[in-house]
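S.K.: Numbering (the numbering used here), first residue to last: 45 to 490.
Glycine residues also receive a C-beta, built at the ideal position from the N, C-alpha and C atoms.
The model shown is predicted, which means the values in this text are computed figures rather than measured ones.
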Ligand code: SF4
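1. Taking only beta-carbon positions, decide if residue 156 is within less than 8 Å of chain D.
2. Look at residue 208 and residue 189 and say whether their C-beta atoms are less than 8 Å apart.
3. Assign residue 101 to one of two classes, buried (16 or more other C-beta atoms within 10 Å of its C-beta) or exposed (fewer than that).
4. In whole angstroms, what is the alpha-carbon distance linking residue 218 and residue 322?
5. Beta carbon of residue 98, beta carbon of residue 137: below 8 Å?
6. By DSSP, does residue 92 sit in helix, in strand, or in coil?
7. Below 8 Å between beta carbons: does that hold for residue 292 and residue 57?
8. Report the partner residues of residue 65 according to the DSSP bridge assignment.
9. Exposed or buried, which one is residue 440 when buried takes at least 16 other CB atoms within 10 Å?
10. Evaluate contact between the segment 475-487 and the segment 447-462, counting only Cβ atoms and requiring at least three cross-stretch pairs below 8 Å.
11. Based on the DSSP output, what are the partners of residue 448 in its beta bridges?
12. Helix, strand or coil for residue 155 per DSSP?
13. For the 8 Å Cβ check, are there 3 or more pairs between the segment 185-204 and the segment 226-241?
14. Going by DSSP, what residues sit across from residue 330 in a beta bridge?
15. Rounded to the nearest angstrom, what separates residue 343 and residue 312 at their Cα positions?
16. Starting from residue 379, trace the alpha helix (DSSP H) both ways and give me its first and last residue.
17. State yes or no: is the C-beta of residue 176 within less than 8 Å of the C-beta of residue 143?
18. Under a Cβ-count criterion, where at least 16 other Cβ atoms within 10 Å of its own Cβ denotes burial, should residue 272 be classed as buried or exposed?
19. Let me check understanding here. Comparing Cα to Cα, which of 172, 73, 183, 123 lies closest to residue 407?
20. Taking the Cβ atom as the reference point for each residue, do residue 329 and residue 360 lie within a distance shorter than 8 Å?
21. With DSSP as the reference, label residue 325 as helix, strand or coil.
22. Among the residues of its own chain, which have a CB less than 8 Å from the CB of residue 423, if the five just before and after it don't count?
23. Here's the rule I'm using: 16 or more other beta-carbon atoms within 10 Å means buried, otherwise exposed. How should residue 295 be labelled?
24. Thinking residue 362 and residue 325 are a contact (beta carbons under 8 Å), I'd like their distance in whole angstroms, please.
25. Run the proximity test for residue 438: is its beta-carbon closer than 7 Å to any non-hydrogen atom belonging to the ligand SF4?
26. How big is the Cα-Cα spacing for residue 488 and residue 447?
27. Can you give me the C-alpha to C-alpha distance between residue 318 and residue 426, rounded to a whole angstrom?
28. Just to check, is the beta-carbon of residue 370 closer than 7 Å to a non-hydrogen atom of the ligand SF4?
29. Give every residue of the same chain whose Cβ lies closer than 6 Å to the Cβ of residue 401, excluding the five residues on either side of it in the sequence, and list them in chain order.
30. Using DSSP with H/G/I as helix, E/B as strand and the rest coil, what is residue 373?
31. With a threshold of 6 Å on Cβ separation, who are the neighbours of residue 303 within its own chain once the five nearest residues in sequence on each side are excluded?
32. If you follow the alpha helix (DSSP H) that residue 422 is part of, which residue opens it and which one closes it?
33. CB residue 254 to CB residue 287, shorter than 8 Å?
34. Hey, is residue 67 close to the ligand SF4, as in C-beta under 7 Å from one of its heavy atoms?
35. Looking at C-alpha atoms only, which residue of 70, 149, 117 is the closest neighbour of residue 129?
36. Go ahead and label residue 450 buried or exposed: buried means 16 or more other beta carbons lie within 10 angstroms of its beta carbon, across all protein chains shown.
Now the structure itself:
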């Protein structure tokens with residue numbers, strides 16, 4: 045899809061620009077030293093744009109200092125302020141960052157007031173050359189919209205179209221739009237609907253792609269690659285973030301692979317493919333394990349998601365981390381990759397589905413370690429959707445359709461959710477996974 049080119053600091057997004065790779069700090073923004081250090085590391089890893097959370101007015105000032113320190117060190121990477129639940133913070137921070145991400149679902153409780161505040165934000169952005177991302181997430185659709193359209197990709201599209209119309213009414217074009225979801229089907233559908241609607245409405249804002257709360261490890265990479273590649277292969281998407289519950293530097297090589305592949309700078313290691321009916325036999329000559337995983341997810345994720353194929357079998361080889369050639373035919377690793385791809389494309393669930401946020405400056409506990417432990421202890425709960433979220437402010441809203449949620453409250457305490465309902469609050473972290481498992485067992489025997 046042809047989009048207009050917008051500018052965030054020294055980075056251009058959309059038009060004929062290459063796909064822009066971005067990430068987000070998981071430091072506390074008030075910890076200036078840690079945030080600056082992480083930004084430096086992320087730039088070294090290849091991040092072209094970095095987002096930091098701004099949960100309160102105090103962090104507006106922290107972010108200003110972080111920006112000044114980076115600029116003094118000669119680092120010009122555009123900074124994006126991530127703002128939820130406060131239009132005032134968005135307006136304050138827009139004076140000095142290169143981009144502000146707002147979430148239409150929580151910009152302001154009152155829709156009429158939201159319009160007024162948005163007009164104020166646009167004025168500041170125009171005065172300072174700041175870009176805006178209208179960043180909607182499936183889990184945080186506002187009540188007004190879900191009452192009208194349900195919790196659907198259509199609702200997501202309708203919600204952002206309202207905001208894009210507000211941009212047009214305010215004669216503001218320095219805008220990027222995103223419609224992320226943890227469910228790859230919902231995410232892909234929402235962006236497709238938006239691309240179609242923008243075309244009809246004569247709009248061509250660049251799109252930021254991402255699968256939210258994708259988790260970690262191979263599963264997080266495969267899920268992200270399936271959703272993002274499905275859209276990039278259709279010409280939808282101008283900037284991407286791969287969200288992993290890991291060190292954010294680990295997101296960059298995955299995102300860079302996707303950017304390079306769909307900017308036609310690299311090719312898949314797929315050497316042959318035979319298709320019979322809706323089954324494919326895919327033969328790879330992959331230079332590494334990581335390449336095999338990403339190539340496979342991009343080559344077949346969209347076709348499985350769109351039900352053009354029902355099955356894929358792997359053949360060929362990949363080179364492992366020790367430089368040894370490993371055969372794929374009928375191997376355990378091939379079976380595992382096929383299972384993971386089927387799950388990411390939502391065609392077959394062979395283990396629980398995990399929704400885990402990447403963590404950010406709002407995270408109040410060791411998210412990575414806890415997520416690993418939750419996965420270890422719930423691996424038998426095939427088909428169940430379990431969320432592990434870093435904060436109580438956004439976590440419950442962002443868990444979307446999780447059956448169970450483990451949500452950090454801060455101060456060593458956790459809330460346990462069943463669907464949208466908190467069943468237990470203020471559970472000490474040391475007991476929280478036990479309580480979660482007890483509740484799941486109780487609920488299964490009822
Ligand atoms: S849910 Fe996770 S990523 Fe989202 S704001 Fe909370 S801690 Fe940050």
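M.R.: Reading it off the structure:
1. The structure shown contains no chain D; it holds only a single protein chain.
2. no
3. exposed
4. 43 Å
5. yes
6. coil
7. no
8. For residue 65, which the question treats as bridged, DSSP gives the partners 284.
9. buried
10. As far as the Cβ criterion goes, the segment 475-487 touches the segment 447-462, which means the pair count is three or higher.
11. 430, 462
12. helix
13. Note that the segment 185-204 touches the segment 226-241; at least 3 beta-carbon pairs, one per stretch, sit closer than 8 Å.
14. 362
15. 8 Å
16. 376-388
17. Yes, Cβ-Cβ distance for residue 176 and residue 143 is below 8 Å.
18. buried
19. Looking at the Cα atoms, 73 is the closest of the given residues.
20. yes
21. Reduced to three states, the DSSP call for residue 325 is strand.
22. 395, 396
23. Classification of residue 295: buried, given that the 10 Å Cβ count is 16 or more.
24. Residue 362 to residue 325, Cβ: 16 Å. No contact.
25. yes
26. Spanning the two alpha carbons is a distance of roughly 12 Å.
27. 31 Å
28. Incorrect: residue 370 has no Cβ contact closer than 7 Å to the ligand SF4.
29. 257, 433, 434
30. coil
31. 63, 65
32. 411-422
33. In terms of Cβ geometry, residue 254 and residue 287 form a close pair [threshold 8 Å].
34. no
35. 149
36. By the neighbour-count criterion, in which 16 or more other beta carbons inside 10 Å mark a residue as buried, residue 450 falls on the buried side.
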